[in-house]
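Following: one structure in structure tokens, then a few remarks.
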Amino acid sequence: MTVEITGSDLTCEDLHSVAHGSSVALSECARSRMQSNVDSMPEGPSILEEKRHWLVGGFAAEMSPEELCRTFIIGHCAGVGPRLPDALVRATMVARANVLATGTTGCRPVAAEVLLDMLNAEVTPVVPSQGSVGAAGDLAPLAHIARVACGYTERPAGVRDYTPNSKEALALINGVSMTAALGAVAVVRVRRVLDAAIAAAAMTMEAVGAGAGCIDARVLEARNHPGGIEVAHRLRDWLHGSTQVTPDRGANAFSIRATPAVMGTLVEELCCTETILERELNGAGDNPLLIDGEWLEGGNFHGAPIAQAIDAVKVALTQLATVSERRTFRLTYGQLSKGLPSFLVRGTGLNSGFMLTQYTAASLASECKGLAHPASVDTIPTVQHHEDHVSMGPIAARMLLEMVECVADIVGIELLLAAQALDLRSRGIAFDADGNPVHAEPVPLAPKIAYLHRRIRAVIPYWEDDEVLHPCLKQAGALVRTGRILGVERPW
Numbered sequence: 001m002t003v004e005i006t007g008s009d010l011t012c013e014d015l016h017s018v019a020h021g022s023s024v025a026l027s028e029c030a031r032s033r034m035q036s037n038v039d040s041m042p043e044g045p046s047i048l049e050e051k052r053h054w055l056v057g058g059f060a061a062e063m064s065p066e067e068l069c070r071t072f073i074i075g076h077c078a079g080v081g082p083r084l085p086d087a088l089v090r091a092t093m094v095a096r097a098n099v100l101a102t103g104t105t106g107c108r109p110v111a112a113e114v115l116l117d118m119l120n121a122e123v124t125p126v127v128p129s130q131g132s133v134g135a136a137g138d139l140a141p142l143a144h145i146a147r148v149a150c151g152y153t154e155r156p157a158g159v160r161d162y163t164p165n166s167k168e169a170l171a172l173i174n175g176v177s178m179t180a181a182l183g184a185v186a187v188v189r190v191r192r193v194l195d196a197a198i199a200a201a202a203m204t205m206e207a208v209g210a211g212a213g214c215i216d217a218r219v220l221e222a223r224n225h226p227g228g229i230e231v232a233h234r235l236r237d238w239l240h241g242s243t244q245v246t247p248d249r250g251a252n253a254f255s256i257r258a259t260p261a262v263m264g265t266l267v268e269e270l271c272c273t274e275t276i277l278e279r280e281l282n283g284a285g286d287n288p289l290l291i292d293g294e295w296l297e298g299g300n301f302h303g304a305p306i307a308q309a310i311d312a313v314k315v316a317l318t319q320l321a322t323v324s325e326r327r328t329f330r331l332t333y334g335q336l337s338k339g340l341p342s343f344l345v346r347g348t349g350l351n352s353g354f355m356l357t358q359y360t361a362a363s364l365a366s367e368c369k370g371l372a373h374p375a376s377v378d379t380i381p382t383v384q385h386h387e388d389h390v391s392m393g394p395i396a397a398r399m400l401l402e403m404v405e406c407v408a409d410i411v412g413i414e415l416l417l418a419a420q421a422l423d424l425r426s427r428g429i430a431f432d433a434d435g436n437p438v439h440a441e442p443v444p445l446a447p448k449i450a451y452l453h454r455r456i457r458a459v460i461p462y463w464e465d466d467e468v469l470h471p472c473l474k475q476a477g478a479l480v481r482t483g484r485i486l487g488v489e490r491p492w
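Letter 470 of the sequence shown, counting from 1, is numbered 470 in the numbering used here, and no numbers are missing.
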């Protein structure tokens with residue numbers, strides 16, 4: 001697959017595809033637009049010379065244009081922390097190339113093409129993950145990329161010779177393209193976790209014999225939240241044909257009964273945030289802009305719009321994490337699971353069964369609560385108070401990426417326990433309130449719930465007795481991350 005870079009229609013899914021190896025090409029319309037923009041450039045001192053003179057006095061005037069560009073870029077290579085994964089660096093490069101392709105930045109087509117060369121040649125710079133405040137651009141991480149693109153290290157094979165002009169040196173490291181790229185990859189991952197979480201909730205509802213009233217279309221439509229209506233619709237689809245989730249069941253605990261409301265919030269936040277991120281990916285995130293032959297100074301480098309949107313997803317995703325953990329708890333507690341054995345195994349004595357899976361889910365949910373703190377509410381002035389308000393957007397995006405890893409495992413745990421519970425139901429294994437075995441008729445599974453159960457059992461066996469849990473938890477998390485639980489396997 002080749003993704004065409006036009007400057008106007010890059011989606012989160014496109015970016016995710018490039019992050020995982022798809023090739024890229026600059027469209028002819030973008031190339032023409034960029035060249036026309038450059039041709040309209042007014043005469044006079046370069047933008048970079050003006051900015052450097054403002055910062056360090058007469059130092060800029062003593063350098064050649066080439067020396068000035070080189071010094072400017074390498075002087076911003078100030079990142080620290082763990083190396084950003086290659087997929088996220090690739091996502092950042094294509095995001096920046098697409099901004100240049102808007103034809104508003106005063107950059108020649110070659111400035112975008114050199115980034116695309118690097119992607120197609122699988123040249124991935126080492127980019128430290130920390131060091132950007134998300135205003136005046138993701139300066140440090142983008143400078144680590146620009147240093148390679150401009151040949152200030154050894155020129156990689158397959159990448160054309162390129163010497164930036166002064167505006168290109170600025171534009172390559174300006175704007176919040178790393179924040180947008182990380183946010184876009186996170187949104188794709190969150191959507192995948194949400195899909196698996198809805199399936200897991202449906203399996204749990206089948207396992208505990210939930211009341212169908214909570215997913216009745218009339219109930220959700222009366223409240224009129226689109227996200228809740230969508231989640232209830234998808235739950236009804238998974239549970240079609242169920243003999244256990246019926247209208248005559250009593251009211252359930254909120255972790256089951258309010259699932260459409262809680263998960264529906266994430267549906268709506270994702271939709272809103274994806275729209276905001278795609279606007280950023282295809283917008284003129286640079287400064288100054290060259291419009292109608294005139295340099296215009298603005299604040300398009302500030303990450304506030306996407307930082308706040310990413311933080312909102314973090315809060316909604318934490319709600320999903322905590323409601324999934326509560327359903328996991330109910331599945332492991334015989335007095336709340338309607339006759340299932342505590343910890344979902346029949347053994348006695350020292351058997352812990354699935355007790356520790358709830359420990360793990362609780363630990364991960366607690367991590368999510370810490371990560372949910374909005375990074376965008378903080379600001380620390382930089383550059384001698386000239387950049388006196390910043391977004392901290394890169395931190396929000398990295399926190400969301402860390403959080404979605406936790407939630408993938410939380411949802412994987414619910415899938416694992418729901419599958420075990422359904423096995424017990426289908427085998428007629430039940431216990432009274434005192435933990436004594438009682439007779440029960442085997443329960444048939446709804447067709448689509450049976451499909452989900454088979455997907456899990458293809459990689460994780462039914463448990464008769466205690467074993468090492470870690471391999472099962474790892475497999476369950478992989479079912480969520482890859483999308484394999486739903487039958488469509490894709491890179492994470």
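No residue lacks a Cβ here, since even glycine has one placed at the ideal position from N, Cα and C.
V345 versus F354: straight-line alpha-carbon distance, rounded: 8 angstroms
Give me the Cβ distance between A307 and A418, rounded to the nearest whole Å; I'm assuming they're in contact under 8 angstroms. 36 angstroms between Cβ atoms; not a contact.
Would you mind sorting I380 into buried or exposed? The rule is 16 or more other CB atoms within 10 Å of its CB. exposed
From A372, L10, V127 and L239, residue whose alpha carbon lies closest to that of A316: A372
Within 10 angstroms of its Cβ, does Q384 collect 16 or more other Cβ (buried), or is it exposed? exposed
Given a cut-off of 7 angstroms on the beta-carbon distance, is the pair A180 and E280 in contact? yes
Would you mind reading off the limits of the alpha helix (DSSP H) that contains L289? Where L289 is concerned, there is no enclosing alpha helix (DSSP H), although the beta strand (DSSP E) it sits in stretches over L289 to I291.
Within 10 Å of its beta-carbon, does D14 have 16 or more other beta-carbons around it, so buried, or fewer, so exposed? buried
Under the three-state reduction of DSSP, which class applies to F329: helix, strand or coil? helix
Report the partner residues of A25 according to the DSSP bridge assignment. E4
Just to confirm my understanding: we take T2, look at its own chain, exclude 5 residues before and 5 after, and list those with CB closer than 8 angstroms. What are they? S22, S23, V24 and A25
Sequence-distant residues of its chain with Cβ nearer than 7 angstroms to C472 (five each side left out): L416 and I460
If we count the other Cβ atoms within 10 Å of its Cβ and call it buried at 16 or more, is L116 buried or exposed? buried
Delimiting residues of the beta strand (DSSP E) encompassing G81: V80 to R83
Measure the alpha-carbon distance for D286 versus V187 and round it to whole angstroms. 23 angstroms
Check this for me: beta carbons of A202 and L172, under 7 angstroms apart or not? no
Would you kindly work out how many angstroms separate the C-alpha atoms of D216 and L320, rounded to a whole number? 20 angstroms
Residues that A430 bridges to, as DSSP identifies them: V438
Pick from T124, L194 and L486: whose alpha carbon is nearest that of V313? L194
Run of the beta strand (DSSP E) containing S129, from where it starts to where it stops: P128 to Q130
If I measure Cβ to Cβ from W295 and keep anything under 6 angstroms in the same chain, skipping five residues before and after, which residues do I get? P288
Among L239, V219 and L88, which has the Cα closest to the Cα of S177? L88
Pick from R90, V38, V404 and G299: whose alpha carbon is nearest that of T533? No answer is possible for residue 533: it lies beyond the span of the chain, which begins at 1 and ends at 492.
Presumed contact (8 angstroms Cβ cut-off) between A101 and G7, rounded CB distance: 3 angstroms
W295 - DSSP class collapsed to helix/strand/coil: strand
Apply the 10 Å Cβ neighbour rule to R481 and answer buried if 16 or more other Cβ atoms are within range, or exposed otherwise. buried
Grouping DSSP H, G and I as helix and E and B as strand, with all else coil, what is T246? strand
Buried or exposed: which applies to A174, given that a residue is buried once 16 or more other Cβ atoms fall within 10 Å of its Cβ? Reading off the sequence, residue 174 comes out as Asn, not Ala. Buried, by the Cβ-count rule.
Using the Cα positions of R155 and P125, report the straight-line distance between them to the nearest angstrom. 12 angstroms
Does the beta-carbon of L336 have 16 or more other beta-carbons within 10 angstroms, so that it is buried, or is it exposed? exposed
Look up V407 in the DSSP assignment and say whether it is helix, strand or coil. helix
For F59, is the classification buried or exposed, using 16 other Cβ atoms within 10 angstroms of its Cβ as the cut-off for buried? Residue placement at F59 cannot be trusted, given a pLDDT of 49 that sits under 50; the coordinates are not used to answer.
For E467, is the classification buried or exposed, using 16 other Cβ atoms within 10 angstroms of its Cβ as the cut-off for buried? exposed
Might you give, ordered along the chain, the residues of its own chain that have their beta carbon closer than 6 angstroms to the beta carbon of C406, omitting 5 neighbours on each side? L364, E367 and C368
Boundaries (first-last residue) of the alpha helix (DSSP H) holding D86: D86 to L100
Whole alpha helix (DSSP H) elements within the stretch 207-282, 4-residue minimum: 217-223, 226-238, 254-257 and 259-281
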